[in-house]
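>
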Amino acid sequence: MSTSNIFKMAAAMLQVNGCLEIENLIEFCGIPKQKIQLNPCISDSAIKVPSLTFSSGVTVEGMRTVAVYIASVCQDLQEYGPLLGESSLQRAEIDQWLEYRQTDVEKALRDKNLTKPVLQDFNCHLANKIYLVGNKLSLADVILYYALHGIIKHMMPQEKEMYTNISRWFNQVQSILAARQGLSLITFQRNQLYS
């Protein structure tokens with residue numbers, strides 16, 4: 029059974045509410061937008077978080093919760109392995125990174141003064157890793173790639189060079205996501221500009 033059929037059977041309505049990570053995850057998972065009934069936020073004063081309402085009437089809210097559900101029904105990505113990890117430990121690590129996205133990265137996206145410390149911390153974590161969790165692409169990589177895309181896109185080559193581990197990771201993840209989604213690539217220098 030395809031992902032879109034599972035998604036359509038299980039969910040009655042998804043409110044994306046401007047969450048680009050969720051919109052991009054839906055596209056990455058190959059779920060056609062016509063299979064999703066989108067409902068805009070009714071009130072401008074309402075907190076705009078993604079929500080998923082099931083045909084039973086149960087609603088789950090929040091970027092992490094909705095992203096985990098979408099990844100759990102996403103079967104069209106078998107070549108990358110399970111997006112939610114291969115063990116309980118990996119699932120816990122993925123959840124930790126999704127929490128990091130909602131706390132530290134969210135603050136950095138809202139306050140430019142916090143961007144550098146978050147990037148330095150993230151760069152250190154990636155020093156000996158290809159992906160954030162395990163040796164395969166995970167939901168953590170996908171969500172953090174989309175979250176950091178705007179920051180990386182506007183970096184000068186010298187700034188990208190300061191964060192070589194992030195640049196390497198970002199380039200690796202974008203090669204998978206861009207090929208699947210037709211996204212434009214952000215370029216990275218192969219040789220150092222400054223020493």
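Following my numbering, the numbering of the sequence shown begins with 29 at its first residue and continues without gaps.
Don't be surprised by glycine CBs; every beta carbon is placed ideally from N, CA and C.
With H, G and I counted as helix, E and B as strand and the rest as coil, what does DSSP make of T81?
To locate residue 81, count along the sequence shown from 1; it is residue 53. T81 falls in the strand class under three-state DSSP.
> CA-CA distance, R119 and L160?
Locating residue 119 in the sequence shown gives position 91, counting from the first residue. Locating residue 160 in the sequence shown gives position 132, counting from the first residue. Between R119 and L160, the C-alpha separation is close to 12 Å.
> Give a yes or no on contact between the stretch 75 to 90 and the stretch 184 to 201, applying the rule of three or more CB pairs nearer than 8 Å.
Too few Cβ pairs lie closer than 8 Å, so no.
> Determine, using beta carbons only, whether K181 and I214 come nearer to each other than 8 Å.
Residue 181 sits at position 153 when you count from the first residue of the sequence shown. Residue 214 sits at position 186 when you count from the first residue of the sequence shown. Result yes, Cβ atoms of K181 and I214 sit closer than 8 Å.
> Quick one: give me the first and last residue of the beta strand (DSSP E) that V88 is part of.
The residue given as residue 88 occupies position 60 in the sequence shown. First-last of the beta strand (DSSP E) with V88: T87 to E89.
> Kindly indicate which three-state DSSP category M190 falls into: helix, strand or coil?
Here residue 190 refers to the residue found at position 162 when the sequence shown is read from its first residue. Three-state result, M190: helix.
> Looking at C-alpha atoms only, which residue of A168, I179, V101 and K140 is the closest neighbour of R92?
For the purposes of this step, residue 92 is taken as the residue at position 64 of the sequence shown. The shortest C-alpha separation from R92 is found at A168.
> Assign S212 to one of three DSSP states: helix, strand, or coil.
Here residue 212 is taken as the residue at index 184 of the sequence shown, counted from 1. Correct three-state label for S212: coil.
> If you drop the 5 nearest sequence neighbours on each side, which residues of the same chain put their C-beta closer than 7 Å to that of D132?
Locating residue 132 in the sequence shown gives position 104, where the first residue counts as 1. For D132, where only same-chain residues beyond five positions count, the Cβ hits under 7 Å are V146.
> Name the two residues that bound the continuous alpha helix (DSSP H) containing K135.
The residue labelled residue 135 in the question sits at position 107 within the sequence shown. Note, K135: alpha helix (DSSP H), E134 to R138.
> Identify, in the order they occur along the chain, each residue of the same chain with its Cβ nearer than 6 Å to the Cβ of I70, setting aside the five sequence neighbours on each side.
As a position in the sequence shown, residue 70 is number 42, starting the count at 1. For I70, the predicted model reports a pLDDT of 46, less than 50, meaning its position is unreliable; a value from the coordinates is still stated below. So the list is empty, once near-sequence residues are dropped.
> Please classify G178 as buried or exposed, where buried requires at least 16 neighbouring CB atoms within 10 angstroms.
Numbered from 1 along the sequence shown, position 150 holds the residue referred to as residue 178. Flag for G178 reads exposed.
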